[in-house]
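Take a look at the structure below.
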Amino acid sequence: SAATATNIQRNPAYSELSSDDVSYFKSVLGETGVVLDADRVAVANVDWMGKYRGASQLLLLPKSTAEVSKILSYCNTRRLAVVPQGGNTGLVGGSVPVYDEVIVGLTGMDKIISFDNVNGILTCEAGCVLENLSTFVENEGFIMPLDLGAKGSCHIGGNVSTNAGGLRFIRYGSLHGNVLGLEVVLADGTILDMLTTLRKDNTGYDLKHLFIGSEGSLGIVTKVSVLTPAKLPSTNVAFLSCNDYTSCQKLLLAARRSLGEILSAFEFMDHHCIDLATSHLEGVQNPLPASPHKFYVLIETTGSDESYDKTKLEAFLLRSMEDGLVADGVIAQDISQASNFWRIREGISEASVKVGAVYKYDLSIPVEKLYDIVEEMRCRLGDSAEVLGYGHLGDGNLHLNILSNKYDDNTLAKIEPFVYEWTSAQRGSISAEHGLGLMKAEKIHYSKSPEAVQLMASIKKLLDPNSILNPYKLPSPSSSVPCN
Ligand code: FAD
Ligand code: 2HG
Ligand code: ZN
88 SAATATNIQR
98 NPAYSELSSD
108 DVSYFKSVLG
118 ETGVVLDADR
128 VAVANVDWMG
138 KYRGASQLLL
148 LPKSTAEVSK
158 ILSYCNTRRL
168 AVVPQGGNTG
178 LVGGSVPVYD
188 EVIVGLTGMD
198 KIISFDNVNG
208 ILTCEAGCVL
218 ENLSTFVENE
228 GFIMPLDLGA
238 KGSCHIGGNV
248 STNAGGLRFI
258 RYGSLHGNVL
268 GLEVVLADGT
278 ILDMLTTLRK
288 DNTGYDLKHL
298 FIGSEGSLGI
308 VTKVSVLTPA
318 KLPSTNVAFL
328 SCNDYTSCQK
338 LLLAARRSLG
348 EILSAFEFMD
358 HHCIDLATSH
368 LEGVQNPLPA
378 SPHKFYVLIE
388 TTGSDESYDK
398 TKLEAFLLRS
408 MEDGLVADGV
418 IAQDISQASN
428 FWRIREGISE
438 ASVKVGAVYK
448 YDLSIPVEKL
458 YDIVEEMRCR
468 LGDSAEVLGY
478 GHLGDGNLHL
488 NILSNKYDDN
498 TLAKIEPFVY
508 EWTSAQRGSI
518 SAEHGLGLMK
528 AEKIHYSKSP
538 EAVQLMASIK
548 KLLDPNSILN
558 PYKLPSPSSS
568 VPCN
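Taking UniProt numbering, the leading residue of the sequence shown gets 88, the next gets one more, and so forth.
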């Protein structure tokens with residue numbers, strides 16, 4: 088496809104799939120675990136945006152860790168390249184093959200193993216869909232520490248492998264803090280049991296962290312144990328508008344100070360996002376239609392005392408309006424209104440892929456500079472594209488989306504490398520929460536030092552010496568030279 092990096096050659100050191108390979112996989116997984124059907128394999132070859140397309144002929148669906156281990160051990164010996172795939176909702180082309188890599192899908196590993204309802208510790212297989220886990224733990228009086236728009240499809244194993252951030256990060260922090268244990272199968276088939284459920288364990292290196300956010304390049308995550316916070320009884324959602332970006336920033340600081348411990352989300356979007364969501368998503372309306380505003384903020388509070396929380400939020404809003412930070416605002420009066428507010432924010436991604444072409448950038452930038460790049464990009468692109476800015480303002484994470492009718496090199500040349508150079512100059516991150524994938528494998532240098540990249544390459548070589556896991560998605564030296 089137009090967006091797939093065409094300058095990458097297939098690495099000839101990888102074997103091509105043979106009928107003997109297929110027979111072996113059938114002997115391990117049975118007929119149902121070996122998918123050769125062209126239509127089903129085609130679906131697994133394309134990413135969620137329809138932007139990255141591989142040419143794999145084979146999708147494997149293991150049902151147990153032992154099966155994953157046999158697959159990898161065999162692929163390693165045979166030098167067959169592998170792409171681990173969860174819910175395939177990744178946004179950087181990491182979850183689909185580039186050439187003919189074998190796809191290992193975790194969909195069949197979706198069992199909940201245990202739930203400790205005293206400490207709120209969930210242990211499950213990697214293929215569990217996030218929304219199903221949410222429903223399960225909520226019935227037990229807990230919530231998942233992460234939530235994202237892709238919850239209906241993404242897997243917890245995919246979340247761990249991308250170190251997904253999402254909408255609750257401001258309150259509960261990163262998966263590096265919430266994941267207590269992992270079971271991982273290494274490239275040679277070794278099963279690495281790190282599936283502890285302990286809160287504290289300072290015995291040696293905490294190896295699980297290597298696999299959180301390594302995008303399937305070091306092993307396949309097969310089981311996860313995760314800390315789930317208590318579900319609190321009172322949630323309020325407010326949808327606000329601001330006249331300028333400075334007010335959004337000041338509002339964030341004010342929210343941190345005034346709402347304190349009950350603040351559970353602070354999401355921001357410019358009016359281009361609202362226009363996009365309301366025109367492309369069914370039933371979505373701007374909750375503040377009276378007058379057009381430049382910026383919108385969604386604030387959620389979650390706490391244990393309904394009247395106290397509500398009073399606190401109302402007082403905060405009143406003060407923010409008096410201070411001129413907020414132009415207009417509304418607090419959801421019921422669950423359906425609250426979910427409408429969320430639908431707008433969570434629906435922006437879905438709406439963005441309906442336009443034609445979308446260039447997505449996921450940047451960490453100091454909050455005071457965060458919107459400058461959106462404005463600069465608008466100047467650079469003029470009428471040739473529409474530039475949207477939104478994201479997790481509370482985490483300093485901007486989603487810069489650039490929409491145009493079709494992918495073309497001229498537009499791309501106006502965006503890159505400018506966007507990476509600009510971000511690097513602010514000492515920001517060119518991938519705040521989506522990972523590198525195929526899109527940004529070679530761009531890591533904008534955010535990491537040569538020494539850090541070199542150490543990563545050494546770790547990759549140690550854990551996956553034949554480089555069979557998710558090739559072409561790491562900077563060249565380590566991913567393109569498998570040893571024979
Ligand atoms: P996939 O897309 O299948 O894979 C992602 C990467 O992980 C690939 O490199 C793949 O090889 C690897 N992988 C998957 N499973 C495993 C495994 N078991 N073992 C080893 N490697 C594996 N991200 C955020 O951080 N925050 C958001 O708010 C957010 N919102 C989103 C909203 C929408 C509508 C969409 C489409 C995506 C969003 N994302 C967000 C992107 C995010 O990375 C994914 O949604 C999610 O974390 C990926 O999970 P997945 O199961 O779909 O993984
Ligand atoms: C979000 O926060 C996701 O909505 C997706 O991380 C962002 O589509 C995007 O660019
Ligand atoms: Zn996001």
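Every residue gets a Cβ at the ideal spot worked out from N, C-alpha and C, and that includes glycine.
Tell me the start and end of each unbroken alpha helix (DSSP H) in the stretch 218 to 258 that is at least 4 residues and wholly inside, in chain order.
243 to 249
Return yes when the Cβ of Ile452 is within less than 9 Å of the Cβ of Leu475, no when it is not.
no
Proximity test, His263 beta-carbon vs the ligand ZN heavy atom, cut-off 8 Å:
no
Which residues mark the beginning and the end of the alpha helix (DSSP H) in which His358 is found?
His358 to His367
Delimiting residues of the alpha helix (DSSP H) encompassing Gly264
Leu262 to Asn265
Helix or strand or just coil, what does DSSP make of Glu508?
helix
Between which two residues does the alpha helix (DSSP H) holding Asp396 run?
Glu393 to Glu409
Less than 8 Å between the CB of Ser302 and some heavy atom of the ligand 2HG, yes or no?
Sequence inspection shows Glu at residue 302; the Ser mentioned does not correspond to that position. It does not: the Cβ of Glu302 is nowhere closer than 8 Å to a heavy atom of the ligand 2HG.
To the nearest angstrom, report how far apart Glu503 and Asn330 are at their CA atoms.
30 Å
Same chain only: Cβ atoms within 6 Å of Val417, ignoring 5 sequence neighbours per side:
Phe326 and Pro374
Candidates Tyr559, Ala512 and Lys547, of which the one nearest Leu525 by Cα:
Tyr559
What residues match up with Gln172 in a beta bridge as DSSP calls it?
Gly192
When the Cα atoms are used, what is the spatial distance from Thr333 to Glu433?
23 Å
With H, G and I counted as helix, E and B as strand and the rest as coil, what does DSSP make of Val130?
helix
Any heavy atom of the ligand ZN closer than 8 Å to the beta-carbon of Asn250?
no
Should the stretch 276 to 289 be regarded as contacting the stretch 345 to 362, the criterion being three or more beta carbon pairs within less than 8 Å?
no
Which residues bound the alpha helix (DSSP H) around Tyr111?
Ser106 to Leu116
Ser451: first and last residue of the uninterrupted beta strand (DSSP E) it sits in
Ala444 to Ser451
Whole-angstrom distance between Ala251 and Gly300, CA atom to CA atom:
8 Å
Beta-carbon contacts of Gly276 that lie in its chain and below 6 Å, excluding the five residues immediately before and after:
Ser156, Leu159 and Ser160
Residues in its own chain within less than 7 Å of Phe428 by CB, not counting five upstream and five downstream?
Val324, Phe326, Pro374, Leu385 and Ala419
Nearest-angstrom Cα distance between Asn204 and Ser312?
13 Å
Got a sec: does the ligand ZN put a non-hydrogen atom nearer than 8 Å to the Cβ of Gly260?
no
His263 classed as buried or exposed, judged by whether at least 16 other C-beta atoms fall within 10 angstroms:
exposed
Over what stretch of residues does the alpha helix (DSSP H) that includes residue 572 continue unbroken?
Since the first residue of the chain shown is 88 and the last is 571, residue 572 is not available in this structure.
With burial defined as no fewer than 16 other Cβ atoms inside 10 Å of the residue's Cβ, what is the status of Thr249: buried or exposed?
buried
Can the beta-carbon of Leu220 be found less than 9 Å from the beta-carbon of Ile200?
no
Identify which residue in Lys381, Ala213, Gln424 and Gly303 has its Cα closest to the Cα of Val266.
Ala213
Hey, quick one: how far does the beta strand (DSSP E) through Ile200 stretch, first residue to last?
Ile199 to Asp203
Taking the alpha-carbon of Asn226 as reference, which of Gly469, Met408 and Pro320 has the nearest alpha-carbon?
Pro320
Under 8 Å: does the beta carbon of Glu520 sit that close to some heavy atom of the ligand ZN?
yes
What three-state label does DSSP hand Ala90 in the structure shown?
Residue placement at Ala90 is flagged as unreliable, the pLDDT there being 42, under the threshold of 50; the coordinate-derived value follows with that caveat. Coil, per DSSP.
Tell me the rounded alpha-carbon separation between Ser88 and Asp421.
Note that Ser88 scores a pLDDT of 41, beneath 50, so its modelled location is shaky; the value from the coordinates is reported in the next line. Using only the alpha carbons, I get a separation of about 44 Å.
Boundaries of the beta strand (DSSP E) in which Ser554 is found, first to last residue:
Unbroken run through Ser554: none, as it is neither H nor E.
Taking 8 Å as the cut-off, is the CB of residue 601 close to at least one heavy atom of the ligand 2HG?
Residue 601 lies beyond the residue range present for the chain, which begins at 88 and ends at 571; the question has no answer from this structure.
Continuous alpha helix (DSSP H) stretch holding Thr498: start and end:
Asp496 to Ile502
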